[in-house]
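Heads up: the sequence shown begins at 680 in my numbering, then just goes up one per residue. Glycine is no exception: its CB is placed at the ideal position from the N, C-alpha and C atoms. Remember, predicted model here, so these are calculated numbers, not experimental data.
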Amino acid sequence: MSAADGLAIRPDEWVSVLTREYLDGFVRAGGALVRVAVCPSPAEAAGLGERVRAAGAGRGFVVAHVDGATCRAHLVDRLVAEVGKQVPWDELTGDFLRSALRGRGLEPPEDGRLDTGALAERRGWDERLVLQEVRDLLTQEVMRDYALCREFRLAAVQLCRALLEPDPQQQERAEHVKAWLRRELPRIGLLRDTFIFQAVNRHNARAIFNSTATFIRKAGRPGLLVTLDISRYALARPADEGPRYSRSAAMDMYESVRQFIDETDDATGCLLLVLTVREFLEDEQRGLRTYPALEMRLWDDVRGGNRPDPLAPMLRVWE
């Protein structure tokens, strides 16, 4: 579908296609992609996002929502930190460790404990032998998994150690790591013992985002689903009292979406759904046409007469 065609797909039909072709198919198999849904109004964009997130959560995906009305999403580090706030890190770490431990013949106790003492008792091994085994596991399964960026590997190891060796020091370090992932750590020096020396910033944010999706799959989940509502950036005069973004900020937002599209080959098991409003297509001052680099990536050359292509990178979605 071309944005200029004015063709639209009904929400029910589009959500059905999205779940069948992507959540149940391409993304579950390890693919990554970005899709843009243009809705009549911010309220309808929000409603569509809720429906897609519900479909994803029901299929086991980790879901997150980033809204330009509450997050300065054109700053990619803020966007990625907002996703980090919604990821269940402890749950994912536990699931990853249980799977990895079973692969090494270390069946976790039925009470769910993962510390080395409980594992040793369950297996009938000396705890020192178990400790050696789990450290080798972390080296092989995390530190040598180069699909994860360096900072994320170090962060994941610390989250694992907090469960395997639950002493107060390890727990404190793990809390600092989670605060780092959420961009809430007051100072980076708190992570010096983990060898993480830089905050989540515009240079490493996308690598951390892609690593998060990869780790989610290592934990046994099908992938990461993020809805990103950029409606606010397309509106020169929003109706409510929320933030108003400059045209320059809107261009930064479009550039960020463009970069996510171009980097899908580096991601695994991730669907980024960008939600926006009709002004995104119609506004000559701050809409899509003002940013050709993104327009070229969203314009669809596949036409179906009077019907939109439901698999197009960008669709009008309304009744």
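Is it right to say residue i is buried, meaning 16 or more other beta carbons lie within 10 angstroms of its own, or is it exposed?
i, result
"LEU808", "exposed"
"GLN669", "There is no way to answer for residue 669, as the model of the chain reaches only from 680 to 998."
"ILE688", "buried"
"SER925", "exposed"
"THR749", "exposed"
"HIS882", "exposed"
"SER890", "buried"
"ALA928", "buried"
"ARG765", "With the sequence shown as reference, residue 765 is identified as Gln, and Arg is not the correct amino acid for it. Exposed, since its Cβ has fewer than 16 Cβ neighbours within 10 Å."
"ALA946", "buried"
"ALA683", "Confidence is the limiting factor: at ALA683 the pLDDT is only 40, short of 50, which leaves the residue's position unreliable, though a coordinate-based value still follows. Classification of ALA683: exposed, given that the 10 Å Cβ count is below 16."
"SER910", "buried"
"GLU851", "exposed"
"GLU700", "exposed"
"ASP944", "exposed"
"GLN964", "exposed"
"PRO767", "exposed"
"ARG832", "buried"
"ALA658", "Here the chain covers residues 680 to 998 and nothing more, so residue 658 does not appear."
"PRO901", "buried"
"ASP794", "buried"
"ASP691", "exposed"
"ASP908", "buried"
I need the straight-line Cα distance from residue i to residue j, nearest angstrom please.
i, j, result
"GLN819", "GLU786", "18 Å"
"SER778", "ARG792", "14 Å"
"GLY966", "TYR933", "9 Å"
"MET680", "ARG986", "Per-residue confidence for MET680 stands at a pLDDT of 38, beneath the threshold of 50, marking its modelled position as unreliable; no derived number is given."
"ALA884", "LEU864", "15 Å"
"LYS897", "ARG781", "14 Å"
"PRO788", "ARG976", "50 Å"
"PRO847", "LEU771", "21 Å"
"GLU998", "ALA725", "15 Å"
"ASP664", "GLY747", "Beyond the ends of the chain as shown, which are 680 and 998, falls residue 664; an answer cannot be given."
"VAL813", "LEU842", "11 Å"
"TYR912", "PRO922", "9 Å"
"GLU806", "ARG730", "48 Å"
"TRP859", "ARG751", "18 Å"
"VAL905", "LEU758", "10 Å"
"GLU844", "LEU869", "19 Å"
"ILE940", "ARG968", "17 Å"
"GLY763", "ARG861", "5 Å"
"ARG783", "THR698", "35 Å"
"ALA853", "ARG801", "25 Å"
"CYS828", "GLY728", "29 Å"
"ARG916", "TYR825", "45 Å"
"HIS855", "GLY773", "18 Å"
With 8 Å set as the bound, which would you pick, yes or no: does the beta-carbon of residue i sit closer than that to a beta-carbon of chain D?
i, result
"VAL953", "The structure shown has no chain D; it contains just one protein chain."
So, under 8 Å CB-CB, residue i and residue j are touching, yes? Tell me the CB distance rounded to an integer number of Å.
i, j, result
"TRP693", "PRO992", "Wrong, their Cβ atoms sit about 13 Å apart, outside the cutoff."
"LEU973", "ARG937", "5 Å"
"VAL953", "PRO721", "That pair is no contact at about 14 Å."
"LEU702", "ALA734", "6 Å"
"VAL706", "GLY899", "Not a contact, Cβ separation roughly 15 Å."
"ILE875", "ALA834", "7 Å"
"LEU950", "LEU712", "6 Å"
"LEU960", "VAL717", "6 Å"
"LEU817", "CYS839", "6 Å"
"VAL696", "SER935", "Not really, about 26 Å apart at Cβ, beyond 8 Å."
"HIS753", "ASP931", "4 Å"
"THR893", "GLN837", "THR893 to GLN837, Cβ: 17 Å. No contact."
Can you name the start and end residues of the alpha helix (DSSP H) that residue i belongs to?
i, result
"VAL762", "755-765"
"ASP815", "806-817"
"ASP746", "From DSSP, ASP746 is part of no alpha helix (DSSP H) but of the beta strand (DSSP E) over 741-746."
"ALA884", "884-897"
"ARG738", "Element bounds for ARG738: n/a, residue is neither H nor E."
"GLU769", "Sequence inspection shows Asp at residue 769; the Glu mentioned does not correspond to that position. 768-782 is the extent of the alpha helix (DSSP H) around ASP769."
"ALA913", "910-913"
"ALA929", "926-941"
"ARG802", "795-802"
"ARG692", "Correcting the residue type first, residue 692 is Glu in the shown sequence and not Arg. Where GLU692 is concerned, the enclosing alpha helix (DSSP H) stretches over 690-696."
"LEU785", "Careful: LEU785 lies outside any alpha helix (DSSP H) and carries neither H nor E."
"GLU700", "Element bounds for GLU700: n/a, residue is neither H nor E."
"ALA972", "971-977"
What span of residues does the beta strand (DSSP E) with residue i cover, start to end?
i, result
"VAL953", "949-956"
"ALA716", "711-718"
"VAL996", "993-996"
Verify the contact flag: residue i, CB atom, against every heavy atom of the ligand MG, threshold strictly below 7 Å.
i, result
"ALA736", "The ligand MG is not part of this structure, which contains no ligands at all."
Ignoring anything shorter than 4 residues or poking outside the region 834-870, list the alpha helix (DSSP H) runs there in chain order.
847-860
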